[in-house]
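Heads up: the sequence shown at position 45 corresponds to 46 in the working numbering, and the numbers run straight through without jumps. Backbone N, C-alpha and C fix where the C-beta goes; we use that ideal spot for every residue, glycine too. All figures in this text were calculated on a predicted structure; none of them were measured in a lab. Data first, discussion second: the structure below is written as structure tokens.
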Amino acid sequence: MSVESVQYLPGKQPHARERRLTFRNVDRAGFDPSIECYLRDGGYEQLHKAVTMERQAIINEVKASGLRGRGGAGFPTGVKWGFIPPTNTKPVYLICNADESEPGTFKDRYIMHQDPHQLVEGMVISCFAVKASLAYIYIREEFPEAAKILEKALDEARAKNFLGKNILGSGYDLEIYIHRGAGAYICGEETGLIESLEGKRPYPRIKPPYFPAALGLYMCPTIVNNVESLCHVKHIIAMGGAEYAKLGTPNNTGTRILCVSGDVQRPGYFEVEVGKVTMGEVINDMCGGMKSGRTLKAIIPGGSSAKVLRADEKFKLKDGRELGIMDIPMDFDTMAACGSMAGSGGVIIMDDSRSMSWVLNNLNAFYAHESCGQCTPCREGSLWMKKISDRIVAGNASPSDVDELERLANNIEGRTICAFGEACSWPTQSFVQKFREEMKAGTKSEIEDRIVAGETELAAAGLVG
Ligand SMILES: Cc1cc2nc3c(=O)[nH]c(=O)nc-3n(C[C@H](O)[C@H](O)[C@H](O)COP(=O)(O)O)c2cc1C
Ligand code: SF4
């Protein structure tokens, strides 16, 4: 059935600029999470096809597709799969990262709630390709309903022999278990997740040597992929890697889901070809523009860890082009060239009513709460930054506190075990660099200076004695 013939629920029609693959069945009229419904729609056909293929051929298709991980780092999925040592004799594991903990991101949950078999099919094909006989879905504690839906989907898949022993007569055995986290952002970081799955505190491991594809779960090769990434595998098998790579733009292939929140008329999720729509099209066409009477002030383009972009910035690219914020194509490489990242696809829009000190304080409170505490710069620094931004918001800070914030962030970045160090320092660095004057204007001596200046003016005008 073509995407065009698919009917969606009233008010949930995808935008004309969308190209739905992984979200094809989200909000679809008459579609439910049962296996019967999925099978009626051609479900598990790609698994039938995949188990007849050579494993390396599947990996080659994924490599040819150019798929880059949708969990945050944008690392090429096929390349990651190829990192499993060829001489490996240990068990191989696959973990689906369903932690979806990056603030501003809300996509994986819709797939798990509304189309769980798409994920199961994508996982079974992926496990077959990398020779994993045991896989886990690590799901955050806050998604109890999704965990139940997935449990049911796994039971249904087992009953139809899409899972379990001798899958579809291929001789291949696979079991998938759901593991519910206890609710911690750091469990989304793949090595913290692995520690948690092993029953320990989720202290991230240092890389190298603990790259999961070589030394992962129980020190065995482990592939960790995001929910959305694993769903794409099914579509790559259906289309072929080369055809899939025609979607999107070079080096930024396929589709991805953008989760838009904040000060726009119609926030929501949109699956688009990577790099085929600009930020301006997302805001103005897909989200109906800014809230009435308001203007754009800033955007966090890829989840809360991504560096903020100012509405009036100009971004100079290596090829000589200069882009305004509305001209940025929504892809991994251009967003990085503009000094931020496409990350997890969470686009947070802020208008001129927002206090940047308040926004940063909110982010700092989150990171200070979520640091696992293993490394001193992150543990102490994230809390210190939060305390300073508390003071700024309360109007009790001095102007030098704003510069101190930046100094602290610079001393966290690059000095920690895991990328949480960057995740917590990039917001502070970018907010201070781009909104320093606004943040200083709220500090104590600046406030006092303004009162004095105001009184002097009034006195000069003979209005006060
Ligand atoms: C602090 C932190 C939190 C993360 N949270 C998530 C998450 O919630 N979901 C996710 O898929 N990846 C998350 N990641 C990225 C994972 O470590 C890993 O790169 C990803 O799951 C790999 O899947 P992909 O290649 O399919 O993107 C996080 C990374 C960091 C540093
Ligand atoms: S950077 Fe932060 S979250 Fe990551 S290991 Fe160190 S203390 Fe833990």
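Asked	Found
Residues near Arg206 in its chain [Cβ-Cβ closer than 6 Å; skip 5 each side]	Thr192
Rounded Cβ spacing between Gly344 and Gly70 (contact assumed at less than 8 Å)	Not really, about 11 Å apart at Cβ, beyond 8 Å.
Met291 - partner residues in DSSP beta bridges	Val265
Which of helix, strand or coil DSSP assigns to Cys260	strand
Glu438 classed as buried or exposed, judged by whether at least 16 other C-beta atoms fall within 10 angstroms	exposed
Collapsed DSSP secondary structure at Met351 in the structure displayed	strand
Closer than 6 Å: Ile187 CB and nearest ligand 2 heavy atom	yes
For Ala183 and Glu142, believed in contact at Cβ under 8 Å, the rounded distance	5 Å
Environment of Leu155 [buried if 16+ CB atoms lie within 10 Å]	buried
Near ligand 2: Arg260 beta-carbon under 6 Å from a heavy atom	Looking at the sequence shown, residue 260 is not Arg but Cys. No, since every heavy atom of ligand 2 falls outside the 6 Å radius drawn around the Cβ of Cys260.
Contacts around Phe163, its chain only, beta-carbon distance under 8 Å, and the 5 residues preceding and following it disregarded	Tyr45, Leu48, Val121, Glu122, Val125, Leu169
Candidates Pro11, Glu323, Thr23, of which the one nearest Phe271 by Cα	Thr23
Cβ-based neighbour list, Cys419, same chain, cut-off 6 Å, excluding 5 preceding and 5 following	Glu190, Pro205
Three-state secondary structure assigned by DSSP to Arg408	helix
Asn362: first and last residue of the uninterrupted beta strand (DSSP E) it sits in	Careful: Asn362 lies outside any beta strand (DSSP E), inside the alpha helix (DSSP H) at 357-371.
Strand pairing of Tyr270, partner residues [DSSP]	Cys260
DSSP state of Leu379 mapped onto helix, strand, coil	The residue you asked about is not Leu; residue 379 is Cys in the sequence shown. Helix at Cys379.
Proximity below 7 Å, CB of Met386 to CB of Asn362	no
Spatial distance of Pro209 from Thr254 (CA atoms)	28 Å
Residue burial classification, Lys201 (beta-carbon count within 10 angstroms, cutoff 16)	exposed
Completely contained alpha helix (DSSP H) runs for the stretch 199-240, where each covers 4 or more residues	228-240
Ala185 in three-state terms, based on DSSP	coil
Limits of the unbroken alpha helix (DSSP H) element including Val93	Val93 -> not in any alpha helix (DSSP H); beta strand (DSSP E) instead, spanning 93-99.
Cβ shell of Arg159 (< 6 Å), same chain only, five flanking positions each side left out	Gly165
Beta-bridge partners of His114, as assigned by DSSP	Note: His114 sits in no beta bridge, so no partner.
Cβ shell of Thr429 (< 6 Å), same chain only, five flanking positions each side left out	Met386, Leu406, Ala410
Assigned secondary structure, Arg159 (DSSP; H/G/I helix, E/B strand, else coil)	helix
Residues with C-beta closer than 6 Å to any heavy atom of ligand 2, in chain order	Ile187, Pro205, Ser372, Cys373, Gly374, Gln375, Cys376, Cys379, Arg380, Thr417, Ile418, Cys419, Phe421, Gly422
Identity of the residue in Gln14, Lys81, Tyr139 nearest Arg29 by Cα	Gln14
At least three beta-carbon pairs within less than 8 Å, the stretch 126-135 to the stretch 6-13	no
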